[in-house]
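Mind the numbering: the sequence shown is residues 1 to 160 in this note's numbering, read in order. In this text, a Cβ means the ideal position worked out from N, Cα and C, and glycines have one as well. Note that this is a predicted model, so its numbers are computed, not measured. Notes for the one structure printed next.
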Amino acid sequence: MARRLKPLPSRRVSRRPTSPAFRSIINPIHGVSAAPDLTTAPTPAQVAIKGLCPRCGAKTLFAGLAAFAPNCPNCGLDFDSFNVGDGPAAFLTLILGAIVVAMAITTELTLHPPLWLHMLIWIPVTAAGVVGSLRAVKGVLIALEYRNAAREGRIKGEDA
Ligand SMILES: [Zn+2]
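Okay, structure coming up:
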């Protein structure tokens with residue numbers, strides 16, 4: 001009588017869990033989910049141009065002219081936990097300053113406008129340029145930080 005072999009238990013293939021229940025594990029840094037969901041997230045260009053939340057795409061990123069809201073009222077993403085820092089402002093001061101000065105010198109040498117006209121043109125141009133480009137650059141940076149899950153440096157093993 002042949003001994004019947006017991007069938008081996010089917011091996012469980014461990015798949016990367018993608019269920020909403022798994023995703024909603026609380027991440028102390030960014031609020032809810034640890035891994036950014038790139039299927040629904042807007043692109044950095046969309047975030048920058050329209051001021052969208054980098055996670056859900058709602059128009060909630062900016063609370064002021066170029067200031068981030070503390071968090072997204074739509075999906076709860078904590079904008080405060082991202083550190084965009086002073087990098088954009090320093091860059092823009094140098095780049096925009098050079099562009100505006102070059103335009104002002106060119107205008108002076110070609111059209112010789114009076115000084116008050118220079119002020120009337122270049123002060124609003126500079127102000128609008130700073131606010132506009134600061135929003136754009138901060139939007140791109142926060143979108144990239146979200147998409148790449150960039151965090152402040154931590155010691156390995158230290159939670160939070
Ligand atoms: Zn959101």
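Item to check | Neighbourhood of D80 by C-beta, 6 Å cutoff - its chain only, sequence neighbours within 5 removed | outcome: Here the set comprises P70.
Next on the checklist: I'd like to confirm the pairing. Which residues does DSSP put opposite F62 in its beta bridges?
Outcome noted: BP columns for F62 point to F68.
Item to check | G97 to A127 span [Cα, whole Å] | outcome: One alpha carbon belongs to G97, the other to A127, and they sit about 11 Å apart.
Checklist entry - According to the neighbour-count rule (16 or more other Cβ atoms, all chains shown, within 10 Å of its Cβ), is P124 buried or exposed? => result By the 10 Å Cβ count, P124 comes out exposed.
Next on the checklist: Contact defined as beta carbons within less than 8 Å: I believe G129 pairs with V100. What is the distance between those atoms, to the nearest angstrom?
Outcome noted: Taking the Cβ atoms as the reference, G129 lies roughly 7 Å from V100, within the contact range of under 8 Å.
Item to check | Which of helix, strand or coil DSSP assigns to D80 | outcome: In this structure, D80 counts as helix in the three-state DSSP scheme.
Checklist entry - Hey, would you say the C-beta of R135 is under 7 Å away from at least one heavy atom of ligand 1? => result At a threshold of 7 Å, R135 does not count as near ligand 1, since its beta carbon sits no closer than that to any of the ligand's heavy atoms.
Next on the checklist: Taking 6 Å as the limit between beta carbons, can you name the residues of its chain near T93, skipping five residues before and five after?
Outcome noted: Nothing meets the Cβ criterion.
Next on the checklist: Does the beta-carbon of T60, which I'm using as the reference point, lie nearer than 7 Å to any heavy atom of ligand 1?
Outcome noted: Relative to ligand 1, the nearest heavy atom lies less than 7 Å away from the CB of T60.
Next on the checklist: Taking 8 Å as the cut-off, does the region 107-116 touch the region 132-150 (at least 3 CB pairs, one atom from each stretch)?
Outcome noted: Touching, no.
Checklist entry - By how many angstroms is the C-alpha of D78 removed from the C-alpha of C56? => result Using only the alpha carbons, I get a separation of about 12 Å.
Next on the checklist: Along the chain, where does the alpha helix (DSSP H) containing R135 start, and where does it finish?
Outcome noted: Here the alpha helix (DSSP H) through R135 covers 115-147.
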